[in-house]
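Under numbering that gives the first Met the number 0, the first residue of the sequence shown carries the number 0, and numbering increases by one thereafter.
Ideal placement from N, C-alpha and C gives every residue a C-beta, glycine not left out.
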Amino acid sequence: MSTQPKDLRGLAVLLGIGGLVPFIALTWLCLRDASGSSEYQHSLVVYAACITSFVGAVHWGLVLGEANTSRRHVLQLAWSVVPSLAAWGVTTSGEPRTALVRMALLLAACWLTDAVFLRWGAIPAWYFRLRSLLTFVAVASLMLTGLASSG
């Protein structure tokens with residue numbers, strides 16, 4: 000699974016880091032907004048839902064690129080739709096503050112699931128290392144905003 004050219008890995012890292020900009024910027028905007036407006040909070044929840052959907056879709060792409068089918072492939076393909084469905088559920092329920100914490104927990108659960116798939120050899124180690132960094136920053140942003148928000 001580690002036949003990925005290094006130049007594409009570098010691009011993946013660059014794009015992944017770029018994907019953190021909205022997490023960091025929206026967290027900053029939420030924390031500096033003394034009015035307690037939920038506009039930035041809602042934007043952060045929606046952006047996190049998009050990223051969570053992408054995290055699941057990676058599994059879809061990995062499985063479809065495989066020549067053989069095994070039980071692991073079936074589980075991985077089934078899992079690939081769970082993050083987007085769960086993220087959609089988070090965006091449609093509860094106040095923004097609660098949704099931020101729920102989205103953080105969902106991203107953490109996706110990371111834990113990826114750790115299982117890593118042990119099974121279903122995802123590349125370099126991708127999991129990148130995901131670990133990106134997930135840490137995203138979860139920290141969501142939790143900080145959710146816990147610091149006035150409601």
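Proximity to residue 145 [Cα-Cα], best of 76, 37 and 84: 37
In three-state terms, what does DSSP make of residue 18? coil
Thinking C-alpha only, which one of 53, 105 and 119 is nearest residue 70? 119
Whose C-alpha, out of 54, 86, 74 and 59, is nearest the C-alpha of residue 151? Absent from the structure is residue 151, since the part of the chain shown begins at 0 and ends at 150.
Per-residue DSSP class, three states only, for residue 55: helix
Unbroken alpha helix (DSSP H) run spanning residue 144, endpoints: 124–147
C-alpha distance - residue 8 paired with residue 29, whole-angstrom precision: 32 Å
Does the pairing of the segment 92–102 with the segment 61–81 give three or more beta-carbon distances under 8 Å? no
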